[in-house]
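Remarks on the structure that follows.
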Amino acid sequence: MGNLTAIYNTSAFWAYAFSIWFCVAGERFAWTKISAVFVSLVGVACISLLGPPESDAHPQASDMDVGNLVALAGAVAYGLYEALYKKYAVPAQPSIAFANFFTGCIGVFTVLVLWIPIPVLHVLGVEPFEVPTLTQLGFLCIVALMGLAFNACFMLLIAFTSPVMAAVGIMLTIPCIAVTDLAIGTVAFIPWNSVLGSSLICLGFLVLASRD
1 MGNLTAIYNT SAFWAYAFSI WFCVAGERFA WTKISAVFVS LVGVACISLL GPPESDAHPQ
61 ASDMDVGNLV ALAGAVAYGL YEALYKKYAV PAQPSIAFAN FFTGCIGVFT VLVLWIPIPV
121 LHVLGVEPFE VPTLTQLGFL CIVALMGLAF NACFMLLIAF TSPVMAAVGI MLTIPCIAVT
181 DLAIGTVAFI PWNSVLGSSL ICLGFLVLAS RD
């Protein structure tokens with residue numbers, strides 16, 4: 001999972017590249033910003049790639065290549081989505097109401113379209129589907145509510161700041177997870193690579209915040 005995490009978080013770089021390409025909010029190339037993004041990505045790499053192996057079982061090389069390509073495609077698409085949303089969807093005067101409306105549209109699209117692959121993958125045997133238990137359903141509802149809050153806040157962050165700030169801001173969830181794991185007793189201590197990586201991510205975010 002480490003390499004997938006590192007690859008997917010390159011969406012910050014792609015968001016910046018597409019923001020420059022489409023001249024989003026007058027975005028221009030700046031060494032300070034590209035350095036902040038680079039420092040944040042190095043932080044993600046420290047956390048995801050320098051830690052101990054999660055298990056002794058390793059997937060086949062072909063499966064890893066497919067996973068890496070999917071993660072890269074997702075990162076590029078996510079960066080493009082952020083840039084296009086900021087340029088074409090955000091109104092001249094951003095508002096919470098518009099962000100909530102856009103988040104609702106995402107939910108409607110999910111309900112109407114994204115369920116279609118589930119029975120197809122089940123029939124093909126790629127991803128068997130099982131009816132969740134009541135406990136599992138409860139946790140799924142909690143995750144769904146958290147996802148709703150995340151998407152709404154994310155839309156607001158892009159609207160009021162920039163796609164680059166939003167993408168690097170998402171990386172802040174990584175050090176937050178490390179602190180949460182320590183607080184609830186999941187881990188006895190935070191490993192050195194997480195401390196170093198989290199510090200770099202926070203540094204990159206602070207540099208971007210000072211620029212914006």
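First residue of the sequence shown: 1, per full-length UniProt numbering; consecutive thereafter. Beta carbons are placed, not taken as given, at the ideal position from N, Cα and C, and that holds for glycine.
Checklist entry - Does DSSP classify R28 as helix, strand or coil? => result coil
Next on the checklist: Would P163 and S198 be called neighbours here (beta carbons separated by less than 7 Å)?
Outcome noted: no
Checklist entry - Which term fits W192, buried or exposed, when burial requires 16 or more other beta carbons within 10 angstroms of its beta carbon? => result exposed
Checklist entry - Do the segment 130-146 and the segment 9-21 touch if we need at least three Cβ pairs shorter than 8 Å? => result no
Item to check | Cβ-based burial, G26 [other Cβ within 10 Å; buried from 16] | outcome: exposed
Next on the checklist: Using a Cβ-Cβ distance cut-off of 7 Å, determine whether I174 contacts chain D.
Outcome noted: Included in the structure is just one protein chain, with no chain D present.
Checklist entry - Is it the case that the Cβ atoms of A6 and V44 are separated by a distance below 7 Å? => result yes
Next on the checklist: Rounded to whole angstroms, what is the Cα-Cα separation between T135 and P128?
Outcome noted: 19 Å
Item to check | Touch test, the segment 93-102 against the segment 150-162, Cβ-Cβ under 8 Å, three pairs minimum | outcome: yes
Checklist entry - Does DSSP classify G125 as helix, strand or coil? => result coil
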